[in-house]
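Following: one structure in structure tokens, then a few remarks.
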Amino acid sequence: MSFRPLALIALCVLLAACNKVNQANYSKLQAGMSKTEVEQLLGAPSECAGALGITSCTWGDEQSMISVQFAGDQVLMFSGKGLK
Numbered sequence: 002m003s004f005r006p007l008a009l010i011a012l013c014v015l016l017a018a019c020n021k022v023n024q025a026n027y028s029k030l031q032a033g034m035s036k037t038e039v040e041q042l043l044g045a046p047s048e049c050a051g052a053l054g055i056t057s058c059t060w061g062d063e064q065s066m067i068s069v070q071f072a073g074d075q076v077l078m079f080s081g082k083g084l085k
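In the working numbering, the protein residues as written are 2 to 85.
What follows is the structure, encoded as structure tokens:
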């Protein structure tokens, strides 16, 4: 048996395990958390946009995502889609 297919399978498993956009981390989000605390939990956001002191940041992609709205530096509300 070749080492290459085994290494590829191991890499895929590791990458899937490293995904921070999941139900377990979503459950840890709380209103009032700072943006720094959210980034420590989920990593850097995929995208952020804001106006008038409200910022909306998204982690993940179209299939699995977490969206967090911040008022100033604190979580105002959040939602998730396709989390496992």
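C-beta atoms are modelled at their ideal positions from N, C-alpha and C, and glycine is treated no differently.
Remember, predicted model here, so these are calculated numbers, not experimental data.
Spatial neighbours of Gly-33 within its chain, please: C-beta separation below 7 Å, excluding the five flanking residues on both sides. Gln-75, Val-76
Can you give me the C-alpha to C-alpha distance between Lys-36 and Ile-55, rounded to a whole angstrom? 12 Å
task = Tell me whether Leu-77 sits in a helix, a strand or coil according to DSSP, three-state version.
result = strand
Am I right that Phe-91 and Leu-30 are in contact with their C-beta atoms under 8 Å? What's the rounded C-beta distance? Nothing in the structure corresponds to residue 91, since the chain is present only between 2 and 85.
| message | Taking the alpha helix (DSSP H) that Glu-40 belongs to, which residues open and close that run? | response | 36 to 43
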